[in-house]
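Note sheet for the following structure.
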Amino acid sequence: GGFTTSYFAVEIINALKEVDFILRGDTLETLIVKLIQEVETNGNYEDIPNLIWRSQNKIIFNPWTYVPKKFTTANEDFLLTLMKMVFDMQDLDIFNFMPNANYKKKIGLPVMFCKGCTFSCINCGASAYAMKRVVNRDSIGLKDPERVAAEMVNLFNGYGFPLKVFGDFRVGGERYVRKLFSSLKKF
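Counting in the working numbering, the sequence shown runs from 12 upward without gaps.
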């Protein structure tokens, strides 16, 4: 699942016979758990929204109805995931896994507070237009501001790196911003 998989879902399921399942969308943790449970138990895939799956060489498209307005996934384990990648690849230089050459000079841990955007900038993969077209999201999905504040504090205190906020908190509205900053003051 995810953005790229959703974009290329038909091509992937048609070209790769090894792929049995594709979940379309961008906030899929709940559906992944449901899919795993079905794989391990009785294999009743018809009731899993957003799922594309194979049944006896036939491709089935379940309705695309799961697009949550809120999401709760945490990114507190970002550095642990990065370290696991480093050790799995047996390359102990963590900076070989950074997104670009300047990242080493301007390192920052990501703070994700929303999915999508209210604008449709032509060069952005997370624009309102792209999110509607690719992951069926017709409005932004927001993470609870208290949770965002806790994640920011945990990331900064836990790793000591600066934080990089992707997006503008104001897309959540004035009330969202006030709640976020009042939550940050508690720390």
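Glycine is no exception: its CB is placed at the ideal position from the N, C-alpha and C atoms.
Own chain residues within Cβ distance below 8 angstroms of residue i, not counting five before or after
i	result
VAL122	ASN86, VAL159, GLU162, MET163, LEU166, LEU174, LYS175, VAL176, PHE177
THR76	PRO60, ASN61
ILE47	none
LEU42	GLY12, LEU34, GLY36, ILE59, PRO60, ASN61, LEU62, TYR77
CYS135	CYS128, ALA141
LYS190	PRO156, GLU157
GLY203	The structure shown has nothing for residue 203, since the chain only spans 12 to 198.
Contacts around residue i, its chain only, beta-carbon distance under 6 angstroms, and the 5 residues preceding and following it disregarded
i	result
LYS143	ASP149
PHE198	VAL164
PHE32	TRP64
ALA141	none
PHE192	none
ILE71	TRP64
Residue i vs residue j beta-carbon contact at 7 angstroms
i	j	result
GLY36	VAL145	no
Neighbourhood of residue i by C-beta distance below 7 angstroms, restricted to the same chain and skipping five residues each side
i	result
SER138	CYS128, PHE130, SER131, CYS132
SER194	PRO156, GLU157, ALA160
ILE151	CYS125, LYS126, GLY127, CYS128, THR129, VAL182
VAL30	ILE23, ILE24
LYS45	ILE59
ASN55	GLU49
Rounded Cβ spacing between residue i and residue j (contact assumed at less than 8 angstroms)
i	j	result
ASN73	GLU57	7 angstroms
LYS126	PHE82	6 angstroms
PRO79	THR15	PRO79 to THR15, Cβ: 19 angstroms. No contact.
PHE180	TYR170	No, PHE180 and TYR170 are not in contact; Cβ-Cβ is about 21 angstroms, not under 8 angstroms.
Classification of residue i by the beta-carbon crowding that lies within 10 angstroms, buried from 16 upward
i	result
ALA26	exposed
GLY12	buried
SER17	buried
ILE24	buried
LYS154	buried
ALA20	buried
Interface flag, residue i vs chain C, CB-CB below 7 angstroms
i	result
VAL21	Of the protein chains in the structure, only one exists, and it is not chain C.
*Could you pull out every unbroken alpha helix (DSSP H) segment of at least 4 residues lying fully inside the region 21–56, listed in chain order?*
40–51
*Runs of alpha helix (DSSP H) wholly within the region 130–182 (minimum 4 residues, chain order)*: 139–146, 156–170
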